[in-house]
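Colleague: Numbering (our numbering), first residue to last: 4 to 205.
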Ligand SMILES: N[C@@H](CCC(=O)N[C@@H](CS)C(=O)NCC(=O)O)C(=O)O
């Protein structure tokens with residue numbers, strides 16, 4: 004049994020998309036982060052900051068709770084190997100795959116937030132770098148290959164794809180980056196992405 008602690012139109016969307024790609028049964032528990040009065044204190048036992056996403060996976064070894072998008076992505080892709088979304092430990096793509104998943108949360112997300120809020124930042128002092136360097140890295144990667152890690156879809160693309168959707172279609176950024184739009188269009192052809200987008204719209 005898999006429980007997904009989710010709030011639509013938030014950072015938990017990328018895990019929602021991943022679950023659709025994995026094609027495994029799960030139950031959603033909606034955590035309304037916008038509720039008047041805030042998120043119930045009881046949820047802190049699952050997520051120490053009362054943020055979404057989180058998952059609880061009940062296995063024969065007991066309950067496993069995983070928080071933080073990157074960790075959840077890596078955990079689920081490994082826990083359900085039949086979906087083929089995680090390069091194996093001895094696959095040369097494993098290192099780039101781990102990097103790609105972590106990069107979204109540790110660099111891309113804070114770069115986008117700093118950029119949107121016009122926080123002055125020269126790329127030094129915090130753990131993330133310059134916005135321009137991040138954009139150039141994404142553009143170089145997606146110009147060279149169809150997906151975040153080479154020419155095969157991996158779980159990293161669930162994080163990259165939802166981030167790209169937010170950047171392009173919600174924030175209105177990167178109108179001068181056809182490579183980014185082509186990538187998002189490529190993902191939009193996938194049935195799992197279509198299911199995810201339909202659920203998000205409904
Ligand atoms: N580091 C967390 C951050 C998740 C996050 O920022 N979640 C936001 C939704 S976009 C949230 O739950 N905010 C509620 C709050 O701050 O009270 C992760 O990547 O999983």
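Glycine included, each C-beta is placed from N, C-alpha and C at the ideal position.
Quantities reported herein were computed from a predicted structural model and do not represent experimental measurements.
If I follow the unbroken alpha helix (DSSP H) through residue 112, where does it start and stop?
Modeller: Here residue 112 is taken as the residue at index 109 of the chain shown, counted from 1. Looking at the DSSP string, the run of the alpha helix (DSSP H) that includes residue 112 is 112-119.
Colleague: Which partner residues of residue 66 appear in the DSSP bridge assignment?
Modeller: Residue mapping note: residue 66 aligns to position 63 of the chain shown, counting from 1. 61.
Colleague: Can you grab the Cα-Cα spacing for the pair residue 25 / residue 179, in whole Å?
Modeller: Mapped onto the chain shown, residue 25 falls at position 22. Mapped onto the chain shown, residue 179 falls at position 176. Distance between the alpha carbons of residue 25 and residue 179 is about 32 angstroms.
Colleague: Does ligand 1 have a heavy atom nearer than 7 angstroms to the CB of residue 56?
Modeller: Against the chain shown, residue 56 aligns to sequence position 53. Answer for residue 56: yes, Cβ within range of ligand 1.
Colleague: Pick out whichever of 139, 140 and 113 has its Cα sitting closest to the Cα of residue 128.
Modeller: Within the chain shown, numbered from 1, the residue matching residue 128 stands at position 125. The shortest Cα separation from residue 128 among 139, 140 and 113 belongs to 113.
Colleague: Classify residue 33 as buried or exposed, calling it buried when 16 or more other Cβ atoms lie within 10 Å of its own Cβ.
Modeller: Position 30 of the chain shown, counting from 1, holds the residue named residue 33. Residue 33 should be labelled exposed.
Colleague: Mind checking who residue 5 pairs with in its DSSP beta bridge?
Modeller: Here residue 5 is taken as the residue at index 2 of the chain shown, counted from 1. Residue 5 pairs with 60.
Colleague: Thinking C-alpha only, which one of 68, 51, 52 and 27 is nearest residue 59?
Modeller: Along the chain shown, one-based indexing puts residue 59 at 56. Here the closest residue by C-alpha is 68.
Colleague: Flag residue 36 as yes when its Cβ comes closer than 7 angstroms to any non-hydrogen atom of ligand 1, and as no otherwise.
Modeller: Within the chain shown, the letter at position 33 stands for residue 36. Yes, Cβ of residue 36 sits closer than 7 angstroms to a heavy atom of ligand 1.
Colleague: Regarding residue 81 and ligand 1, is the C-beta to nearest heavy atom distance less than 7 angstroms?
Modeller: Within the chain shown, the letter at position 78 stands for residue 81. Not under cutoff, so the answer is no.
Colleague: Would DSSP call residue 33 helix, strand or coil?
Modeller: Within the chain shown, numbered from 1, the residue matching residue 33 stands at position 30. Note: residue 33 maps to strand in three-state DSSP.
Colleague: Find out if the Cβ-Cβ distance for the pair residue 70, residue 57 is shorter than 8 angstroms.
Modeller: Numbered from its first residue, the chain shown carries residue 70 at position 67. Numbered from its first residue, the chain shown carries residue 57 at position 54. For residue 70 and residue 57, yes; Cβs fall inside 8 angstroms.
Colleague: So what's residue 25 in DSSP terms, helix, strand or just coil?
Modeller: Position 22 of the chain shown, counted from the start, is the residue given in the question as residue 25. Three-state DSSP puts residue 25 in a helix.
Colleague: Cα-Cα, which of 12, 5, 195 and 170 is closest to residue 119?
Modeller: The residue given as residue 119 occupies position 116 in the chain shown. The option with the nearest alpha carbon to residue 119 is 170.
Colleague: Do you know offhand how far residue 134's Cα is from residue 191's?
Modeller: Locating residue 134 in the chain shown gives position 131, where the first residue counts as 1. Locating residue 191 in the chain shown gives position 188, where the first residue counts as 1. Cα-Cα distance, rounded: 26 angstroms.
Colleague: CB of residue 53 to nearest heavy atom of ligand 1: below 7 angstroms?
Modeller: In the chain shown, residue 53 corresponds to position 50, counting from 1. Relative to ligand 1, residue 53 has its C-beta within less than 7 angstroms of a heavy atom.
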